[in-house]
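Enquirer:
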Amino acid sequence: MSALMRALRPASGQLRSFLVSPRVFSSAAEAQPYDRQFRSSLSDPGYEKFEDLAYGEAPVESPEPYSYVPPGRHHLFVPGPVNIHENVQRAMQVPGQNHRDPWFAGFYKKCLEDVKWLYQSKKGTAIIFPGTGTGGWEACLTNTLSPGDKVLTFRYGQFSHLWVDMMERLGLDVTCIDVRWGDGADEAKIEEILKADTKHEYKAVCVVHNETTTGVTSDIKGCRDAIDAAGHPAMFFVDGVSSIGGSQFKFDEWGVDCAVTGSQKALSLPTGLGFVCVSDKALKAYETSKMKKVYYDFGDMLATNPRGSVPYTPVLPLLHGLRESIALMRAEGMRNVNKRHARLAAGTREAAKAWGLELLCTNPRWYSDSLTVVKVPEGVDSCTIVKYAYSKYNMSLGVGLSQVKHKVFRIGHLGNMDEVMLLGALAATEMCLIDSGVSIVPGSGVGAALSYFQKHKPLIPTRELPEGAEPGLGSLVG
Ligand code: PLP
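Residue 327 in UniProt numbering sits at position 327 of the sequence shown, and the numbers go up by one each step.
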């Protein structure tokens with residue numbers, strides 16, 4: 001052990017605090033219960049062993065906090081970024097390429113076709129921006145509206161809040177209906193407000209499909225029906241950042257005018273692409289829109305994309321990843337992708353029920369297939385659960401955001417995910433709950449989830465074996 005490390009390690013408990021505490025706790029008071037829990041577990045022989053393994057000699061080689069890479073893999077269960085399939089990772093391993101060479105046009109046209117498929121749209125125009133979901137929001141608003149235009153929207157979590165904030169900063173006249181965090185868009189309110197707007201001053205209705213703060217998926221078709229019932233011509237904009245490619249989404253059928261998503265969610269790519277799908281009605285609105293736009297201008301894309309070109313340098317590795325990611329989804333089939341998400345979500349809810357914990361979303365019609373947001377009992381800080389997940393089990397869970405910070409934790413199960421991965425995460429979550437003092441029966445949640453999965457797990461279509469073949473033994477025939 002180096003002199004530096006000896007100086008840093010007066011006692012094992014303190015080294016543990018050094019590695020874990022300084023960057024994560026915002027105050028000594030906040031650190032107190034967590035620290036106490038760690039100290040009390042130091043007498044546990046299992047912990048000693050763990051400490052030797054994880055914090056024994058490794059820092060000698062790399063004394064920086066967080067530099068030690070634990071064995072196994074990191075278990076990523078936040079609702080984006082999500083796990084990236086190995087095939088997609090390989091597809092992105094490309095050398096530098098010139099997007100002005102002849103191969104690019106055909107390749108890019110296929111990327112745009114893939115995105116249309118993702119949106120389940122035949123009539124819409126797909127646009128791919130280097131950027132993220134937030135850039136998609138901005139593209140949607142600035143290309144279709146003018147300063148001072150009235151828009152109607154809801155706030156029921158941090159992401160709908162941020163979209164409202166953007167609308168206001170862009171100078172739109174926003175009517176925001178505040179809803180309890182844990183509920184979704186109230187279709188009756190849309191109808192009521194639009195019916196009263198006899199002069200048709202509202203230019204757009206904006207709805208976040210899956211609120212990633214609360215695990216609530218609003219009914220987009222229901223919102224469309226409400227706009228129609230009011231006989232109102234407002235455009236309909238949807239944030240599908242954490243739903244599209246996971247939950248069912250029908251751009252054409254649901255009469256959406258602009259839908260936004262991002263690469264690091266159900267598409268299971270790294271962050272870096274923002275997607276929009278735009279209806280003809282929204283493209284028409286572009287012609288009279290007076291909002292300023294440059295980087296996210298639809299016009300530059302529409303002038304170049306149809307011939308397979310782009311107005312500025314594209315993120316080529318991500319586009320290669322996109323092609324592979326969509327190929328995997330096409331092979332599975334969108335309906336099966338949607339069903340898989342629904343199954344994983346239902347299994348997770350069974351686990352929460354078996355733990356005796358409530359969900360933030362209380363109305364089953366709004367249950368999210370992308371993530372499950374679990375409330376912790378009074379007296380327990382949900383951040384502690386997330387910290388234990390990271391520090392003891394090499395797993396990332398989502399913290400509670402903003403209003404629901406300390407009160408909930410989030411289990412992301414969207415994108416490249418299967419039952420076996422999720423059962424591992426549920427097992428680790430159980431350990432974190434117990435570590436944090438929540439009284440649950442070990443194995444209860446995992447047991448409930450796996451019972452559910454066993455009842456609802458279909459055979460993988462391409463793995464139905466011909467006679468004589470057995471997994472692990474190869475073919476016994478021939
Ligand atoms: N909308 C929703 C529902 C989200 O979950 C997020 C991010 O998590 C965003 C918008 C913002 O997307 P990004 O972080 O990719 O800019």
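Just so you know, even glycine gets a beta-carbon here, dropped at the ideal spot from N, CA and C.
Any chance the CB of THR271 is under 7 Å from a heavy atom of ligand 1?
Expert: Yes, the beta carbon of THR271 sits closer than 7 Å to at least one heavy atom of ligand 1.
Enquirer: Rank SER263, ASN98, GLY222, TYR202 by C-alpha distance to the C-alpha of HIS209 and give the top, closest one.
Expert: Considering only alpha carbons, the answer is GLY222.
Enquirer: Where DSSP assigns a beta bridge to ILE244, which residues make up the other side?
Expert: Answer by DSSP bridge pairing, in chain order: SER247.
Enquirer: Over the uninterrupted alpha helix (DSSP H) stretch that includes ARG90, give me the two end residues.
Expert: From DSSP, the alpha helix (DSSP H) with ARG90 extends over 86 to 91.
Enquirer: Nearest by alpha-carbon distance to LEU141: which of THR125, ASN336, MET421, VAL164 is it?
Expert: Nearest of THR125, ASN336, MET421, VAL164 to LEU141, Cα basis: VAL164.
Enquirer: Within 7 Å: the Cβ of GLY80 and any heavy atom of ligand 1?
Expert: Correct: GLY80 has its Cβ closer than 7 Å to ligand 1.
Enquirer: What does ASN210 pair with, by DSSP beta-bridge criteria?
Expert: THR217.
Enquirer: CB LEU422 to CB GLY215, shorter than 8 Å?
Expert: The answer is no: Cβ separation not under 8 Å.
Enquirer: If contact is defined by three or more beta carbon pairs under 8 Å, each pair taking one atom from either stretch, is the stretch 152 to 162 in contact with the stretch 170 to 187?
Expert: These segments touch.
Enquirer: Assuming VAL205 contacts ILE220 (C-beta within less than 8 Å), just tell me the rounded distance between them.
Expert: About 11 Å; that fails the 8 Å criterion.
Enquirer: Report whether the distance from the Cβ of GLY262 to the nearest heavy atom of ligand 1 is below 7 Å.
Expert: Yes - ligand 1 has a heavy atom lying nearer than 7 Å to the Cβ of GLY262.
Enquirer: Can you tell me which of the three DSSP states HIS75 falls into?
Expert: Three-state result, HIS75: strand.
Enquirer: Is DSSP giving LYS150 helix, strand or coil here?
Expert: Correct three-state label for LYS150: strand.
Enquirer: For a test of the three-state rule: what should DSSP assign to ALA226, helix, strand or coil?
Expert: ALA226: helix per DSSP, three-state reduction.
Enquirer: Should ALA469 be labelled buried (16 or more other beta-carbon atoms within 10 Å of its own) or exposed?
Expert: It counts as exposed.
Enquirer: Count the other C-beta atoms from every protein chain shown that fall within 10 angstroms of the C-beta of ALA303, then say buried if there are 16 or more, exposed otherwise.
Expert: By the 10 Å Cβ count, ALA303 comes out exposed.
Enquirer: In this structure, how does DSSP classify SER382 when only helix, strand and coil are distinguished?
Expert: Note: SER382 maps to helix in three-state DSSP.
Enquirer: Would you decide whether LEU414 is buried or exposed? Buried here means 16 or more other CB atoms lie within 10 Å of its CB.
Expert: Burial call: buried.
Enquirer: What are the boundary residues of the beta strand (DSSP E) that ARG410 is part of?
Expert: Segment 408 to 412, the beta strand (DSSP E) holding ARG410.
Enquirer: Going by DSSP, name the residue or residues bridged to ARG155.
Expert: Paired residue(s): ASP178.
Enquirer: How about the stretch 262 to 280 and the stretch 125 to 142: do they share at least three Cβ pairs that are nearer than 8 Å?
Expert: A contact exists between the stretch 262 to 280 and the stretch 125 to 142.
Enquirer: Does DSSP put GLU464 in a helix, a strand or coil?
Expert: Coil.
Enquirer: So within the stretch 109 to 143, which uninterrupted beta strand (DSSP E) runs reach at least 3 residues, ignoring any that extend past its ends?
Expert: Runs found: 125 to 130.
Enquirer: For ARG23, which residues of its own chain have a beta-carbon under 6 Å away from its beta-carbon, when the five flanking residues on both sides are left out?
Expert: Annotation note: pLDDT 34 at ARG23 (below 50); position unreliable, no value reported.
Enquirer: Tell me the rounded alpha-carbon separation between VAL78 and LYS199.
Expert: Between VAL78 and LYS199, the C-alpha separation is close to 44 Å.
Enquirer: Could you tell me if the beta carbon of ASP435 falls within a distance shorter than 7 Å of some heavy atom in ligand 1?
Expert: No, since every heavy atom of ligand 1 falls outside the 7 Å radius drawn around the Cβ of ASP435.
Enquirer: Between the beta-carbon of VAL88 and the beta-carbon of SER268, is there less than 8 Å?
Expert: Yes, the Cβ-Cβ distance between VAL88 and SER268 is below 8 Å.
Enquirer: Quick test of your reading: ASP173 and ASP149, contact by CB under 8 Å. State the CB separation rounded to the nearest angstrom.
Expert: Yes, ASP173 and ASP149 are in contact; Cβ-Cβ is about 7 Å, under 8 Å.
Enquirer: By the three-class DSSP mapping on this structure, what secondary structure does ALA266 have?
Expert: Looking at ALA266 - three-state DSSP - the assignment turns out to be coil, as it is neither helix nor strand.
Enquirer: Does DSSP put PRO458 in a helix, a strand or coil?
Expert: The answer is coil: DSSP assigns PRO458 none of H, G, I, E or B.
Enquirer: Under the three-state reduction of DSSP, which class applies to LYS405: helix, strand or coil?
Expert: Correct three-state label for LYS405: coil.
Enquirer: Just tell me which of GLY472, GLY255, ILE177, LEU319 has its CA closest to the CA of VAL115.
Expert: Closest option to VAL115, Cα to Cα, is LEU319.
Enquirer: When DSSP labels each residue in this structure, what does GLY472 get in the three-state scheme?
Expert: Three-state DSSP puts GLY472 in coil, outside helix and strand.
Enquirer: Whose C-beta lies closer than 6 Å to the C-beta of ALA226 among residues of the same chain, with five residues either side of it excluded?
Expert: Closer than 6 Å at the Cβ level, and outside the excluded window around ALA226, lie GLU187, ILE190, GLU191.
Enquirer: Which whole-angstrom value describes the C-beta separation of TYR202 and ALA234, a residue pair presumed to lie in contact below a C-beta threshold of 8 Å?
Expert: Yes, TYR202 and ALA234 are in contact; Cβ-Cβ is about 5 Å, under 8 Å.
Enquirer: Within 10 Å of its beta-carbon, does ALA28 have 16 or more other beta-carbons around it, so buried, or fewer, so exposed?
Expert: Note on ALA28: pLDDT 35, under 50, position unreliable in the model; the coordinate value appears next. Classification of ALA28: exposed, given that the 10 Å Cβ count is below 16.
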